[in-house]
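Undergrad: For reference, the structure I am asking about is given below.
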């Protein structure tokens, strides 16, 4: 865990993959792939007022919604 980056870039539409078994009964397990469909910001996050397409958050998102692809 000491090799983790200080920042992570995420966006709606980004492809993601599960790297640990989370809930195997729901197919949320290692190697399951999906797409980010929404990023719910922390309630204390200030409004993103920017002309740039990149927002630098002060808090971690509350959660990230992913639509898993069933193969």
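Residue numbers (my numbering): 852 to 922.
Cβ coordinates follow ideal geometry from the N, Cα and C atoms, glycine included.
Predicted, not measured: the structure shown is a model, and the values here were computed from it.
Tell me the DSSP secondary structure of residue 919 in three-state form.
TA: Three-state result, residue 919: strand.
Undergrad: Assign residue 819 to buried or exposed, taking buried as 16 or more other Cβ atoms, counted over all protein chains shown, within 10 Å of its Cβ.
TA: Not covered by the structure: residue 819. The range shown for the chain is 852 to 922.
Undergrad: I need the straight-line Cα distance from residue 883 to residue 905, nearest angstrom please.
TA: 27 Å
Undergrad: DSSP on residue 889, reduced to helix/strand/coil?
TA: Looking at residue 889 - three-state DSSP - the assignment turns out to be strand.
Undergrad: Just to confirm the assignment, what range does the beta strand (DSSP E) spanning residue 868 have?
TA: 866-868
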